[in-house]
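Structure first, then comments.
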Amino acid sequence: MPATKDYYETLGVDRKAKEDEIRKAYRRLARKYHPDLNPGDKAAEERFKTVQEAYDILSDSKKRQVYDQYGFYAENIPPGGPGAAGGAEEHTYGPDMGFGGFDFSEYVNRGQRGGTGAGAGAGGSFRDIFSQFFGGRNHAETPTEPERGSDLEYSLSIGFWDSIRGTQARLAISRQEICDVCGGSGSSGSGSTTCPECNGTGNVTQMAGAMKFQLTCPRCEGRGRLRNVCPKCHGDGRIGHSDPVEVRIPAGVQAGDRLRVPAKGNAGLMGGPPGDLYITVRVEEHPFFRRNGDNIEIQVPITVSEAGLGARIEVPTIDGRALLKVPQGTENGQKFRLRERGIQNPRKNSRGDEIVQVTIKAPDVHNERTRELLRELGQIEQEDPRQDIWSMV
Ligand SMILES: [Zn+2]
Ligand SMILES: [Zn+2]
73 MPATKDYYET
83 LGVDRKAKED
93 EIRKAYRRLA
103 RKYHPDLNPG
113 DKAAEERFKT
123 VQEAYDILSD
133 SKKRQVYDQY
143 GFYAENIPPG
153 GPGAAGGAEE
163 HTYGPDMGFG
173 GFDFSEYVNR
183 GQRGGTGAGA
193 GAGGSFRDIF
203 SQFFGGRNHA
213 ETPTEPERGS
223 DLEYSLSIGF
233 WDSIRGTQAR
243 LAISRQEICD
253 VCGGSGSSGS
263 GSTTCPECNG
273 TGNVTQMAGA
283 MKFQLTCPRC
293 EGRGRLRNVC
303 PKCHGDGRIG
313 HSDPVEVRIP
323 AGVQAGDRLR
333 VPAKGNAGLM
343 GGPPGDLYIT
353 VRVEEHPFFR
363 RNGDNIEIQV
373 PITVSEAGLG
383 ARIEVPTIDG
393 RALLKVPQGT
403 ENGQKFRLRE
413 RGIQNPRKNS
423 RGDEIVQVTI
433 KAPDVHNERT
443 RELLRELGQI
453 EQEDPRQDIW
463 SMV
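Below, the structure is given as structure tokens:
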């Protein structure tokens with residue numbers, strides 16, 4: 073006998089929980105137990121299914137009403153109708169209704185004798201309800217609609233030069249693939265086993281308050297037997313697989329870029345198309361070159377004489393050395409632009425610049441000749457460089 077399922081307990085919410093509380097609880101649990109996040113974990117997968125089932129019922133106000141009223145949900149129970157009689161039924165029939173099967177005629181008779189207006193009215197409704205049950209309303213055993221496989225998200229760390237020049241990365245991706253034994257059907261051959269839900273009887277008993285109802289087993293649809301599940305994928309039709317995927321990283325890729333590799337996500341269900349693989353790129357920092365958009369920024373020291381007299385100096389770029397003209401009277405911190413020495417933008421077909429910031433290095437005063445020259449220089453430089461500051465404070 074299956075235990076009565078407490079959907080509120082499954083989602084960990086109060087029976088009076090509001091819609092958004094239920095939705096939040098569902099999202100939290102669905103994230104926790106999602107098969108993609110727990111590959112190969114059967115317990116998590118079962119839990120995920122239970123959570124989905126609970127949410128399916130509790131998120132739908134009509135289904136929830138039926139569930140609240142009867143302690144289970146089945147299609148074609150109209151909410152409200154018999155509910156009006158709910159209170160009366162319970163106290164009238166509760167204690168002595170503990171028989172195994174549901175005796176329909178007795179219930180209707182008693183219902184009509186029950187006397188209260190609501191109770192009498194409920195008789196007819198119940199007949200309709202149970203004719204639906206006994207008529208063998210079937211539920212599909214497994215989803216039969218093709219379903220697209222889910223996308224996968226990975227992050228990949230690459231070196232600075234690989235980000236500039238592009239590279240080919242080989243990633244081991246854990247993904248759900250179509251089971252090669254059953255070809256995705258989840259079943260093996262034409263054999264079958266006894267349905268564990270109903271122990272082969274084709275019927276299950278559900279409790280509603282103190283009443284028991286015998287229903288067609290929803291798992292085997294009353295057949296009492298289930299198809300044999302595929303021994304490799306356990307009926308999923310898919311198996312977790314670590315798969316090497318070659319990914320081309322284009323030149324100029326930037327930290328945070330998200331690359332899409334089509335059809336390399338999880339396999340679809342029932343012939344549905346596979347999802348995509350997304351790779352978020354991280355780029356290791358270079359000790360000297362800094363990237364800013366499509367520009368490369370560097371800092372280069374120059375001497376006092378180069379700053380004062382001007383010079384042509386060699387500076388590093390991502391393609392090797394380049395000449396930079398430092399003009400006469402260059403200030404500390406001044407920036408110069410080397411056009412199109414930056415990064416080739418893969419989307420714009422254009423190249424960024426290199427921005428060179430110069431820092432003036434103090435001369436080596438341990439050298440006596442240098443000190444002499446600086447002293448001389450000091451004598452010539454009569455102007456106070458802080459003059460402007462004093463005029464402002
Ligand atoms: Zn299989
Ligand atoms: Zn069954």
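Quick note: the sequence shown uses the working numbering, first residue 73, plus one each step. Glycine included, every Cβ here is placed at the ideal spot set by N, Cα and C.
ask   = Just how far apart, CA to CA, sit V372 and G328?
value = 28 Å
request  = For my contact list, C251 and K304 are in at a C-beta cut-off of 8 Å; report their separation, rounded to the angstrom.
outcome  = 6 Å
message = Taking 8 Å as the threshold (beta carbon to beta carbon), is P388 in contact with chain B?
response = This model lacks chain B altogether, as it is built from one protein chain only.
query = Closest by CA to A282, which one among R409, G405, Y142, L381?
reply = Y142
query = Would the C-beta of R291 count as close to ligand 2, meaning under 7 Å from any of its heavy atoms?
reply = yes
request  = Identify, in the order they occur along the chain, each residue of the same chain with its Cβ nearer than 6 Å to the Cβ of S314, setting aside the five sequence neighbours on each side.
outcome  = A244, S246
task = Can you give me the start and stop residues for the beta strand (DSSP E) that S246 sits inside?
result = 239 to 250
message = With H, G and I counted as helix, E and B as strand and the rest as coil, what does DSSP make of A194?
response = Residue confidence is low: A194 scores 37 on pLDDT, short of 50, so the model does not pin down where it sits. Its coordinate-derived value is still stated next. A194 falls in the helix class under three-state DSSP.
ask   = Could you give the C-beta distance for C267 and R291, rounded to a whole number, given that I count them as a contact under 8 Å?
value = 6 Å
key: Residue nearest to I427 in terms of C-alpha spacing, selected from V387, V355, R458, K433   = V387
ask   = Is DSSP giving E386 helix, strand or coil here?
value = strand
ask   = What residue does the alpha helix (DSSP H) around V376 start on, and which one ends it?
value = 376 to 381
key: N275 to R295 span [Cα, whole Å]   = 9 Å
request  = For E93, verify whether its CB is less than 7 Å away from any heavy atom of ligand 2.
outcome  = no
task = Give a single yes or no on whether E269 has its beta carbon closer than 7 Å to a heavy atom of ligand 2.
result = yes
ask   = Would T402 pass as a contact of A379 if the rule is Cβ separation under 8 Å?
value = yes
Where the beta strand (DSSP E) through M283 begins and ends = 283 to 288
Given R419 as reference, the closest of R354, Q406, A323 once Cα atoms are compared = A323
Given G56 as reference, the closest of Q248, I385, I230, T288 once Cα atoms are compared = The requested residue 56 does not occur in the structure, where the chain is confined to residues 73 to 465.
inquiry  = Quick check on the DSSP output: what are the complete alpha helix (DSSP H) runs of length 4 or more inside the region 284 to 320, in order along the chain?
reply    = none
From R100, V317, D348, residue whose alpha carbon lies closest to that of E225 = D348
ask   = Can you tell me whether DSSP reads G231 as helix, strand or coil?
value = coil
request  = Tell me whether A323 sits in a helix, a strand or coil according to DSSP, three-state version.
outcome  = coil
ask   = Under a criterion of Cβ closer than 5 Å to any non-hydrogen atom of ligand 1, which residues qualify, in chain order?
value = C251, V253, C254, C302, K304, C305
ask   = Is G296 near ligand 2, with its Cβ less than 7 Å from a heavy atom?
value = yes
ask   = Whose CA, out of D86, K134, R100, T82, lies closest to the CA of E125?
value = T82
Buried versus exposed call for V465 [16 or more other C-beta atoms within 10 Å across all chains shown] = exposed
Cut-off 8 Å between Cβ atoms - residues of its own chain near E357, not counting five sequence neighbours on either side = F232
query = Which word fits P107, buried or exposed, when buried means at least 16 other C-beta atoms lie within 10 angstroms of its C-beta?
reply = buried
ask   = Can you give the beta carbon distance from R310 to G263, rounded, assuming they're within the 8 Å contact cut?
value = Not confirmed; about 21 Å, so no contact.
request  = Within 10 angstroms of the Cβ of A115, are there 16 or more other Cβ atoms? Answer buried if so, exposed if not.
outcome  = exposed
request  = Measure the C-alpha to C-alpha separation of D234 and K96 and round it to an integer number of angstroms.
outcome  = 42 Å
ask   = Using CA coordinates, which residue listed in D86, E293, G405 is at the minimum distance from E269?
value = E293
Among D86, V398, P218, Y79, the one whose alpha carbon lies nearest that of E122 = Note that residue 122 corresponds to Thr in the displayed sequence, not to Glu. Checked all of D86, V398, P218, Y79; the closest Cα to T122 is Y79.
inquiry  = Using the Cβ count rule (16 or more neighbours within 10 Å means buried), how would you classify F360?
reply    = exposed
ask   = How far does the beta strand (DSSP E) with A394 in it reach, from first residue to last?
value = 392 to 398
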